[in-house]
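Here's the structure, in structure tokens; my notes come after.
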Amino acid sequence: MDARPSPLSLKKVGSGRSEVSTVSGLLGLGGGEDQRSSLPSPSSSASSSMFEYFGWVYHLGVNSIGHEYCHLRFLFIRGKYVEMYKRDPHENPGIKPIRRGVVGPTLMLEEVGRRKVYYGDVYVLRFFNRLEESKKGEIACATAGEAQKWLEAFDQAKQQAEFELSRGGSARNKLNMETELNLDVHRPRVRRYASGLKKLIRIGQGPETLLCQSSSLGANGSTDGYFERDIGDAIEAYKWKCVRTINGVRIFEDVANSESGKGVIVKAVAVIDASADTAFEVLLNLERHQRYEWDMLTGDLELLDSYDGHLDVVYGTFDPRYLTRWHSKRDFIFSRQWFRGQDGTYTILHFPAVHKKKPPRSGYRRTKINPSTWEIRNLNTSMGSNTPRCLVTQMLEINSAGWCRWKKNHCSKFEKSVPYALLCQVGGLKEYIGANPALKFETSTTVIQSKVSEVSVSTAEFEESEVKDEFYDAMSADSSSSDEELDQKDAKLSLKRTSAADATNKELDSEVAPVMIDTSQLHGTLRTGKDDTDTNCWTSPSGTGFMIRGKNYLKDNSKVMGGDPLLKLIGVDWFKVDKTIDRIALHPRSLLQSEAGKKLPFVLVINLQVPAKPNYSLALYYAADRPAKPNSLFAQFVDGTDMFRDARFKLIPSIVEGYWMVKRAVGTKACLLGKAVTCKYFRQDNFLEIDVDIGSSSVARSVIGLVLGYVTSIVVDLAILIEGKEEAELPEYILGTVRLNRLRLDSAVHLKV
1200 MDARPSPLSL
1210 KKVGSGRSEV
1220 STVSGLLGLG
1230 GGEDQRSSLP
1240 SPSSSASSSM
1250 FEYFGWVYHL
1260 GVNSIGHEYC
1270 HLRFLFIRGK
1280 YVEMYKRDPH
1290 ENPGIKPIRR
1300 GVVGPTLMLE
1310 EVGRRKVYYG
1320 DVYVLRFFNR
1330 LEESKKGEIA
1340 CATAGEAQKW
1350 LEAFDQAKQQ
1360 AEFELSRGGS
1370 ARNKLNMETE
1380 LNLDVHRPRV
1390 RRYASGLKKL
1400 IRIGQGPETL
1410 LCQSSSLGAN
1420 GSTDGYFERD
1430 IGDAIEAYKW
1440 KCVRTINGVR
1450 IFEDVANSES
1460 GKGVIVKAVA
1470 VIDASADTAF
1480 EVLLNLERHQ
1490 RYEWDMLTGD
1500 LELLDSYDGH
1510 LDVVYGTFDP
1520 RYLTRWHSKR
1530 DFIFSRQWFR
1540 GQDGTYTILH
1550 FPAVHKKKPP
1560 RSGYRRTKIN
1570 PSTWEIRNLN
1580 TSMGSNTPRC
1590 LVTQMLEINS
1600 AGWCRWKKNH
1610 CSKFEKSVPY
1620 ALLCQVGGLK
1630 EYIGANPALK
1640 FETSTTVIQS
1650 KVSEVSVSTA
1660 EFEESEVKDE
1670 FYDAMSADSS
1680 SSDEELDQKD
1690 AKLSLKRTSA
1700 ADATNKELDS
1710 EVAPVMIDTS
1720 QLHGTLRTGK
1730 DDTDTNCWTS
1740 PSGTGFMIRG
1750 KNYLKDNSKV
1760 MGGDPLLKLI
1770 GVDWFKVDKT
1780 IDRIALHPRS
1790 LLQSEAGKKL
1800 PFVLVINLQV
1810 PAKPNYSLAL
1820 YYAADRPAKP
1830 NSLFAQFVDG
1840 TDMFRDARFK
1850 LIPSIVEGYW
1860 MVKRAVGTKA
1870 CLLGKAVTCK
1880 YFRQDNFLEI
1890 DVDIGSSSVA
1900 RSVIGLVLGY
1910 VTSIVVDLAI
1920 LIEGKEEAEL
1930 PEYILGTVRL
1940 NRLRLDSAVH
1950 LKV
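The working numbering puts the sequence shown at residues 1200 to 1952.
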């Protein structure tokens, strides 16, 4: 058995288009096995890095004769320079790196998901050059949490690259100066470089046996813990009531759903003394001897198919003697779809399924497993403790028969049912992890050295440290039972509504006379809705259903209720396209190319590119009645760099009406779109267009695929905003909103490119 990598994170690296090709050499983006390369060495005067990060990963690739390889490698980030070793250089002084490279702003990363290699399952990250996607490479980590740390680290690296390019002078001259540096210089130069570091951080303790250890990627030197409150980011109709407690696990019922006659939605909730990464790995593990210790229903599982790294199909059998008095054998098939949010929360969706590899078997009765979801999120550790904790919630849909009797009586037929066995999985998971101390690791982040930095980075966007922002930016009424109670809760939390007038005066130029926007002259291909019961249309709701950062957010993390949007939604285009189309605002069929559209002072165009067969484009047009105020946050976003936009452009989703499983998949937490998917920006004339490539992320593709299956029956609210990071940028304000009412795919207008 091979060794598995320990957790790892990196931060802050280089600049320049040509430098991406050097990382292509580092990671084998052009193919081939490990080979030495020569690249510039960092010096103390050339770097403004605050951290060094290092640890173990897998390097995946194909050699010159077409054979796949999976090598354990030690990756080291020193400023903007990346080095790859066969062994830990701290334990082997003088060892030479087998690869070296520099990260630049055009380097892109994609979370590919879970993949089986020689020794087990790993989580893969794919690297590619945005300007030349044929150059690709892959590394892999033992857990999804570790993979996320790498994503965050390379994002910081790209931001640092952008910062260095923006410090003045010719970027080409900078690159030429850096290529003159020699990496093979004597060690004192490296020591002088290290003396400028604020912290030298090692994440992980070294290579351990593959999959024998689930890592805890706890807080590092630049991040804080999670909020304790279980509040979502958009107002939902759930009204949870605790109906039973079994072995420390609370069982809840959605009273609102039951009262409406839509069936019964229940959930089991428990706090587990382990990281979210650990709980997630145990849940996904199909190893029979492990599942026998905690799972009474789905212990015998067999993987049938794995698709995009975030979706698989499993087959299982169970012995019904523990559930019913009948002894006929039972089997089942269900799909598992999972993804990890930007706040570190895992969501797993289970759907009953069919598969050609497993038709009905003689002697077995095919059972339909109830649709269910798992949500696993980290909690703050208590004072003086390093033991990680996570909140595990399992939610499932059940038939109402027997449920009411079970709530009132301890003994009923419900306790012999499949739904009851599913609800007991949370308790089984909690006890299993509690009985296995090896699974409860302390944080794997170890501060090796701490020094005061001699170099400071003043611009907040390049000193990004909020990688664990909870993103609870839209209100959830999960714990409320009435509108009155919600109002009381809002008052108690001082959730004051932000003023649209304040945002207008702060962000738009008051010295320019506002222009009257006549929407009757602006018509998109998707019509405006008449009321909430209308279908295949759009409306623009207020921002009161969304939570945004308040004035004191930097001090107490408080959020306030959003106000009216700064920009006015003037139209929506719903197009069907043969292939993904960028710069849609320039197309003759675009709303912006009408005479009325050309006369508007400013328009923000959001082009949501939906991957499907065929592809779709949903273009949202938000207009301002005057230009942006100079030096305002809005002006910085409109005329700033792509790196700045990626770090600030935020979207909050909410499924207002629709199937509960779709609601759980989409969630209500805000997302920095530029960090989740590829966004391209196009600034011209009186508009800024943002092309959001949903298909650039396998996670986003999976979620949008689920949504499209129910799109005719769901109502979706979206809010867009610019994230405020400094006190002068707070409170935040909502740029625009849209409500999409039960869209029909066949109503999309075909657009010829």
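A virtual CB, placed ideally from N, CA and C, is assigned to each residue, including glycine.
Distance between residue j and residue i (C-alpha atoms, nearest Å)
i	j	result
phenylalanine 1479	serine 1793	51 Å
leucine 1271	arginine 1286	9 Å
aspartate 1945	valine 1910	11 Å
alanine 1712	arginine 1825	7 Å
glutamine 1359	alanine 1795	41 Å
leucine 1483	isoleucine 1632	14 Å
phenylalanine 1848	leucine 1496	44 Å
leucine 1628	isoleucine 1854	30 Å
alanine 1475	asparagine 1704	43 Å
proline 1636	leucine 1590	18 Å
serine 1465	lysine 1924	What sits at residue 1465 in the sequence shown is valine, not serine. Straight-line Cα distance between these residues: approximately 38 Å.
leucine 1485	leucine 1502	8 Å
leucine 1790	aspartate 1772	7 Å
asparagine 1814	arginine 1782	15 Å
valine 1512	alanine 1864	17 Å
lysine 1615	lysine 1440	23 Å
asparagine 1579	lysine 1862	26 Å
threonine 1342	proline 1764	40 Å
aspartate 1354	lysine 1279	12 Å
tyrosine 1545	glutamate 1361	31 Å
isoleucine 1445	glutamine 1835	54 Å
glutamine 1489	leucine 1832	52 Å
isoleucine 1597	arginine 1900	28 Å
Test item: CB-CB of residue i and residue j under 9 Å
i	j	result
threonine 1638	valine 1481	Contrary to the premise, residue 1638 reads as leucine rather than threonine in this sequence. Closer than 9 Å, so yes.
glycine 1626	alanine 1467	yes
alanine 1846	glycine 1873	yes
valine 1914	arginine 1943	no
leucine 1871	isoleucine 1919	no
threonine 1572	histidine 1549	yes
arginine 1529	arginine 1564	yes
glutamine 1274	glycine 1254	In the sequence on display, residue 1274 carries leucine and not glutamine. The answer is yes: Cβ separation under 9 Å.
proline 1930	lysine 1729	no
lysine 1775	leucine 1950	yes
aspartate 1542	lysine 1868	yes
Close Cβ partners of residue i (< 6 Å) along its chain, the five nearest in sequence each way excluded
i	result
tryptophan 1602	Val1463
aspartate 1689	Caution is warranted here: a pLDDT of 42 is assigned to aspartate 1689, below 50, making its placement in the model unreliable, and the coordinate value is therefore given only provisionally. The answer is none, since no qualifying residue turns up.
lysine 1373	Note that lysine 1373 scores a pLDDT of 48, beneath 50, so its modelled location is shaky and nothing firm can be said.
asparagine 1756	none
alanine 1469	Val1448, Val1591, Val1625 and Lys1629
Supposed close pair residue i, residue j - CB separation, criterion 8 Å
i	j	result
alanine 1823	leucine 1766	5 Å
cysteine 1736	arginine 1748	Between arginine 1748 and cysteine 1736 the Cβ distance is about 31 Å, and since that is not below 8 Å, they are no contact.
threonine 1738	methionine 1760	Actually they are not in contact, since the Cβ atoms of threonine 1738 and methionine 1760 sit about 19 Å apart, beyond 8 Å.
isoleucine 1568	phenylalanine 1533	5 Å
phenylalanine 1538	valine 1902	7 Å
Burial state of residue i, where buried means 16 or more other Cβ atoms lie within 10 Å
i	result
serine 1816	buried
aspartate 1453	buried
glycine 1344	buried
glutamate 1363	buried
alanine 1927	exposed
glutamine 1883	exposed
alanine 1634	exposed
cysteine 1623	buried
lysine 1797	exposed
proline 1296	buried
glutamine 1720	exposed
histidine 1509	buried
tyrosine 1317	exposed
tyrosine 1731	Before going on, a small fix: residue 1731 reads as aspartate here, not tyrosine. It is exposed - the Cβ of aspartate 1731 has fewer than 16 other Cβ atoms within 10 Å.
lysine 1778	exposed
Chain C contact for residue i (CB, 9 Å cutoff)
i	result
aspartate 1777	Chain labels in this structure do not include chain C; a single protein chain is all it has.
Beta-carbon contacts of residue i that lie in its chain and below 8 Å, excluding the five residues immediately before and after
i	result
lysine 1357	Val1212, Val1302, Gly1303, Pro1304, Leu1306 and Met1842
leucine 1324	Leu1308, Glu1309, Glu1310, Val1311, Glu1337, Ile1338, Ala1339, Cys1340, Ala1346, Trp1349 and Leu1350
isoleucine 1294	Tyr1284, Lys1285, Arg1286 and Pro1288
Contact set for residue i: own chain, Cβ-Cβ below 7 Å, skip 5 residues either direction
i	result
arginine 1235	Because the pLDDT of arginine 1235 is 34, which lies under 50, any placement of that residue in the model is unreliable, and the question is left without a value.
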